Each structure stands twice: as C-alpha cells, then as structure tokens.
Ligand code: BGC
C-alpha cells in the first residue's frame, strides 16, 4: 500500500452554485427555463441519442419539468443540514455562490434580508470549521441587468463592481477566499458562441466582447475587495482543458499551442496581475491527433464525457507557469450509479499528488459537487453529487464515493494499492 500525503493545511471539500441548488430563483435563467423547457425536452433525444447512457435518463430528459430549476435542492432553507453532512464527511472547506439577483433585485436597491441570509450561511460554515470559498457570479444575472444587455452592456463592469463592493462591505469580514466570476469562458461560450444559454445570441464578436467585459469586471471587483480587505485572496474559477498533442509532429504541437492560448490562457493572461490565486475547474481532456478531440472514450460518464481523471494533474502542471497558488475549485463527473466516482476521485487525486510532487503549489481540492443539482440546460438528470438528492422528498443520501472521499479528507492522504499508477 502506498500512502500519498498531501501538504499540510490542505483544503478539502466540495462546491455548489446558488442557482443549481438553492431553489426559488428569480433571475435570467429562471425566466429562460420557463420559455425553453418544452423545447429542451423535445430536442433531448436528438441531442443525446448518441450517449451510451441515454436509455437510463430518457424518461427524465424528455419531461419538460426536468428543465425548471424550481425548488432545486431547497438548499436555501436546508443549508445547515447540508453543511452538517459536509462536516461529517471530513470537509474543511466549501465553495458556494452568492446569488446577485437576490442581493440586488432592482438596479441599485440592495436587499438586506438576502444579505443577512448569506451572513448566516457564512457563519454556519465557520461554526462547522468549513472555510468558505465565495463565488460572486456563477452564470446567473439579475433580470434588470440581463434586460439591459447583460455582460455585453458597457456598464456591466461598473454594476459588478458596485455589487461586489456591497457584498465586501456587508460580508467581507467573514470571507477570505473570493472567486469573482465562475468560468467566464464557458459562460460566454454558452451564451454567445454556441448560443444555447440565455440570452442565446450567437455571435462570435459578442463572445469576445463578453470575455473582455468580464475581464474588466473582474479587475474592478479585485481592486474593490483588496481596497477593503487587503489580506483577502481573490481569483477566478477558470475552466481549463488538457489538450494533449498525442505525438510530437509540428502540426499537433501548433494545434495544441493554439488551443491552449485561445481557451486556457487568454483570459488568465488578461487578468494576470489582478489575481492572488488560480481557481481551476477541470473536466475535460482532448487529444489532438491531426484534428481536435480524438479521445479514445473507453469509458464515458453519464454525460457522455470521456472518463479520464488523470488529466487533472496535467492541467495543473500547465498552470504552474503563472507562479500563483492553485485551488481546484471544481472537478467531478455525472455518475448516477456512483460506480465510477470512487475511482475518479482516487485517480484524479493521485495525478494531483504527482503534480504537487513536481512542484505545483496546489492548496485545495473542492469536488463538484456536494449535492446533485440543476445542470443548466440539461436540467436535473445529470447527477454530479457526492450526496444524492431525491427531488420528490428532498431526502439526502450520502453516496459510497463520498465516504471514500471522506477518508482522504480526514487523513489528508490517499491510500493506493502498490500496483496503482500515480498519474
Ligand atoms: C460549472 C458548473 C457545472 C459543472 C458540470 C462547470 O462548468 O461551473 O456549474 O455544473 O461544470 O457541468
């Protein structure tokens, strides 16, 4: 048996996002869901027939109700119970997002009750010894902002700065780790490149504009938080992919460099002087062999994504060039039966350990997700949780993978059979 020790004071935990778990939202997504649920249910077969798991979720995916976030996990009311579970599972950190549309339901009007709610959330985490990692924007916008053009509007960075300042003044004494924006690129890609997420305005120029505006918004938010709390740590959660050039040919190397610089590095370079750490959200590996995404796909998750946990370590190594501490702010898979998740966690963490041994300054791992949740335009059928949710009864059931992960969290170490590979 090999024991892989993680660095002292390593943060272990899981992540969620407001819209996906809280329930009772009133924002651009909740409106969009109502207008699009029927269509999404109708189109699901065409979109997902290729998926080897289609038969397992066909019933849910073809039902329009699947696409309405509604009560979700009712985490807005049940957060204490959920944090108790996280604590019992040995977590010492937790990432969640504050819902902007609750804090500022009308432009310039802040809702003190909503602010108070998040104060209680933060204190509940601290009482349980869970270090909060707080995201300010995880895909959803207040309606007043989306109506005037969302992230494309010239005022977006100022609006985001004002909201951030309010949250920092009201709640900042309880927050050390801030994530301004979750996956600015995935967000812009869904909304403006693929045109499948609100506001569904497919236009490549808008995509780049959305990225630029989010970079400006991040910089302003960074400055305002640091002005009030200079000791706090502020970053983004960046969705990076491991592009693997499968051989050393010139064309593959060039394609990899192009993919890296457009997807992995462009945004990080734009904000490089305005971040204290890099938050890495990691899910994908793409093999480049004279073309793009020639994955072997030997095993596929429920989502149809390649099962390739070891790409976490590779992706981390590629971030070391920034010379910043790295926190894994998301990493996980859709796996309703929980038969792949224990192995996924083990192999992802083994690769992370190898990266740390090779010099990467990684300080925490937050699995996606603590709870099953509302997976955006796919709805409820993809099950990403360490904890299973029965949406009819709101019953929580701890999955076996959560227990295996708990052992790692509690021991700050991963036990591997001698035969297992570390990368
Ligand atoms: C997002 C999460 C999402 C997860 C799984 C990430 O891109 O930040 O909100 O649930 O991927 O798809």
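Residue numbers (this note's numbering): 772 to 1194. Heads up, the beta-carbon is just placed ideally off N, CA and C, and yes, glycines get one too. All figures in this text were calculated on a predicted structure; none of them were measured in a lab.
- Restricting attention to beta strand (DSSP E) runs no shorter than 3 residues, the segment 1071 to 1105 encloses them at 1097 to 1102, ordered along the chain.
- Closer than 7 Å to some heavy atom of the ligand BGC: that does not describe the Cβ of residue 783.
- Here the alpha carbons of residue 785 and residue 1170 stand approximately 14 Å from one another.
- The Cβ neighbour count for residue 1128, taken over all protein chains shown within 10 Å, is under 16; the residue is labelled exposed.
- Using a C-beta cut-off of 8 Å, the segment 1018 to 1033 makes no contact with the segment 985 to 996, since fewer than three inter-stretch Cβ pairs fall below that distance.
- For residue 1010, the Cβ falls inside the 7 Å cut-off from some heavy atom of the ligand BGC.
- Under the DSSP assignment, residue 906 falls outside any alpha helix (DSSP H), being part of the beta strand (DSSP E) whose first and last residues are 902 to 908.
- Contact fails between the segment 1097 to 1108 and the segment 831 to 841, because fewer than three Cβ pairs, one in each stretch, are under 8 Å apart.
- A distance criterion of 7 Å places the beta-carbon of residue 1155 in contact range of the ligand BGC, judged by its closest non-hydrogen atom.
- The closest heavy atom of the ligand BGC lies 7 Å or more from the beta carbon of residue 922.
- Annotation for residue 773: no alpha helix (DSSP H) segment contains it, though the beta strand (DSSP E) segment containing it runs 773 to 776.
- If you check the C-beta of residue 957 against the ligand BGC, you find a heavy atom less than 7 Å away.
- DSSP places residue 921 within a helical segment (H, G or I) once states are collapsed to three.
- Three or more Cβ pairs closer than 8 Å define a contact, and the segment 937 to 954 falls short of that threshold against the segment 815 to 829.
- Residue 950 is bridged by DSSP to 906 and 1006.
- Checking the 7 Å criterion, the Cβ of residue 1054 is within range of a heavy atom belonging to the ligand BGC.
- The beta carbons of residue 773 and residue 1073 sit no closer together than 8 Å.
- Looking at the backbone, the Cα of residue 854 and that of residue 1058 are separated by about 38 Å.
- Using a 10 angstroms sphere on the CB of residue 999, the tally of other CB atoms stays under 16, which defines it as exposed.
- In the DSSP assignment, residue 1136 is bridged to 783 and 1099.
- Looking at the backbone, the Cα of residue 962 and that of residue 1007 are separated by about 19 Å.
- Beta-carbon to beta-carbon, residue 798 and residue 942 are separated by about 19 Å, too far to satisfy the 8 Å threshold.
- In its chain, beyond the 5 residues on either side, 822, 823, 824, 1077 and 1078 have a beta carbon closer than 8 Å to the beta carbon of residue 1071.
- Buried is the label assigned to residue 1009, since at least 16 other Cβ atoms lie within 10 Å of its Cβ.
- Restricting attention to 901, 1191 and 957, the CA atom closest to the CA of residue 1119 is found in 1191.
- With a cutoff of 8 Å on beta-carbon distance, residue 1049 and residue 993 are scored as not near each other.
- Closest in C-alpha terms to residue 905, from the list 1121, 1098, 1117 and 1183, comes 1098.
- Note on residue 1149: 16 or more other CB atoms within 10 angstroms of its CB, so buried under the neighbour-count rule.
- The residue among 874, 1020 and 979 with its C-alpha nearest the C-alpha of residue 935 is 874.
- For residue 791, the CB falls within less than 7 Å of some heavy atom of the ligand BGC.
- For the ligand BGC, a non-hydrogen atom lies closer than 7 Å to the CB of residue 1101.
- Relative to the ligand BGC, the nearest heavy atom lies less than 7 Å away from the CB of residue 1146.
- Of the other Cβ atoms in all chains shown, fewer than 16 fall within 10 Å of the Cβ of residue 894; this residue is therefore exposed.
- Collapsing the DSSP output to three states places residue 899 in coil.
- For residue 788, the distance from the CB to the nearest heavy atom of the ligand BGC is below 7 Å.
- Take the alpha-carbon of residue 839 and the one of residue 805: they are about 7 Å apart.
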